[in-house]
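A.B. asks: Dumping the structure here so I can ask a few things about it.
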Ligand code: PGA
């Protein structure tokens, strides 16, 4: 974490939650986030039907909310899809795009992810663009090629000004939901590479927030967030437990404090 960039911790609930449990979780997170310093920003990306609930319970709190995907289309005959504009109507700040689960199970191509990023930006949302390699790709020494190509596909369709408005999350596929986080060195190495790629797009793009995701837990968050190019985390499993998620936010606050 550097003292130039604010820290950002975002929860990705994936397909979890029910109204009653969400209410408790959202209220606890909102309450806990009030104690955080202002240079630590917090968000939660919930399943689409829970956006109004997040809006109702988080409005006026320091916690922002968002969706986990948006359609590549603006509107029209696309049964089952949800437009970025619809998400924005519920006061959302963020939309995750290109999560590896979407790329793997829904065949999302780098070009489709790029279009979704444009749609999110056009609707006034901050896209959280996920990139990451599989274990096979890492073992074949292809990590840079894979994440570089995933990021480049997005940067290719954006102006430098728009590119400066995105968030990028590096999530090695082999670390997601496995309990096996990347080491802080492995993560930092890829983050530094992504930072260079962003900087090549324009000076204003160099400070895009770069989040690490993949088995971030209270006990490894400090070490990860201490890395100079890791600006925060995208948190899956641990974002479903208020104490764990708040402990990870507190880790970001502690590191931001020591960096300033
Ligand atoms: P995890 O998921 O924290 O459960 O590994 C991260 C993500 O997929 O965003």
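In this note's numbering, the protein residues as written are 1079 to 1338.
Here a beta-carbon is modelled for each residue, glycine too, at the ideal position from N, C-alpha and C.
Is there contact here, the stretch 1180-1194 with the stretch 1253-1271, by at least three beta-carbon pairs under 8 Å?
C.D. replies: The stretch 1180-1194 vs the stretch 1253-1271: no contact.
A.B. asks: Excluding five sequence neighbours on each side, which residues of the same chain lie with their C-beta closer than 8 Å to the C-beta of residue 1082?
C.D. replies: As a position in the chain shown, residue 1082 is number 4, starting the count at 1. For residue 1082, where only same-chain residues beyond five positions count, the Cβ hits under 8 Å are 1285.
A.B. asks: Anyone know if the C-beta pair for residue 1243 and residue 1204 falls short of 8 Å?
C.D. replies: If you number the chain shown from 1, residue 1243 lands on position 165. If you number the chain shown from 1, residue 1204 lands on position 126. Yes, the Cβ-Cβ distance between residue 1243 and residue 1204 is below 8 Å.
A.B. asks: Kindly indicate the opening and closing residues of the beta strand (DSSP E) around residue 1174.
C.D. replies: Working through the chain shown from its first residue, we reach residue 1174 at position 96. 1172-1175 is the span of the beta strand (DSSP E), which, as asked, contains residue 1174.
A.B. asks: What does the Cβ neighbour count give for residue 1221, buried or exposed, with the cut at 16 atoms within 10 Å?
C.D. replies: Counted from its first residue, the chain shown places residue 1221 at position 143. Classification for residue 1221: buried.
A.B. asks: Taking all protein chains shown into account, do 16 or more other C-beta atoms lie within 10 angstroms of the C-beta of residue 1157, making it buried, or fewer, making it exposed?
C.D. replies: Taking the chain shown and counting its residues from 1, one reaches residue 1157 at position 79. Label assigned to residue 1157: exposed.
A.B. asks: Determine the closest residue to residue 1104 out of 1142, 1334, 1085, with distance taken between C-alpha atoms.
C.D. replies: In the chain shown, residue 1104 corresponds to position 26, counting from 1. For residue 1104, the nearest C-alpha among the options comes from 1142.
A.B. asks: Kindly list the residues whose CB is nearer than 6 Å to the CB of residue 1241, restricted to its own chain and excluding five residues on each side of it in sequence; keep chain order.
C.D. replies: Here the question's residue 1241 lines up with position 163 in the chain shown. Closer than 6 Å at Cβ, skipping near neighbours: 1233, 1279, 1283.
A.B. asks: Per DSSP, residue 1119 forms a beta bridge with which residues?
C.D. replies: Position 41 of the chain shown holds residue 1119. According to DSSP, residue 1119 bridges with 1086.
A.B. asks: Nearer than 7 Å: is that true of the beta carbon of residue 1050 relative to any heavy atom of ligand 1?
C.D. replies: Only positions 1079 to 1338 of the chain appear in this structure, which leaves residue 1050 out of reach.
A.B. asks: Where DSSP assigns a beta bridge to residue 1205, which residues make up the other side?
C.D. replies: Locating residue 1205 in the chain shown gives position 127, counting from the first residue. Answer is 1173, bridged to residue 1205.
A.B. asks: With distances taken Cα to Cα, identify the nearest neighbour of residue 1196 among 1148, 1252, 1099, 1274.
C.D. replies: The residue labelled residue 1196 in the question sits at position 118 within the chain shown. If we check each option's Cα against that of residue 1196, 1148 comes out closest.
A.B. asks: How far does the beta strand (DSSP E) with residue 1141 in it reach, from first residue to last?
C.D. replies: Within the chain shown, the letter at position 63 stands for residue 1141. Run containing residue 1141: 1141-1145, per the beta strand (DSSP E) assignment.
A.B. asks: By Cβ distance, which residues of its chain are closer than 6 Å to residue 1094, with the 5 residues on each side in sequence left out?
C.D. replies: Looking up residue 1094 in the chain shown gives position 16. Counting only Cβ-Cβ distances below 6 Å, and skipping sequence neighbours, we find 1318.
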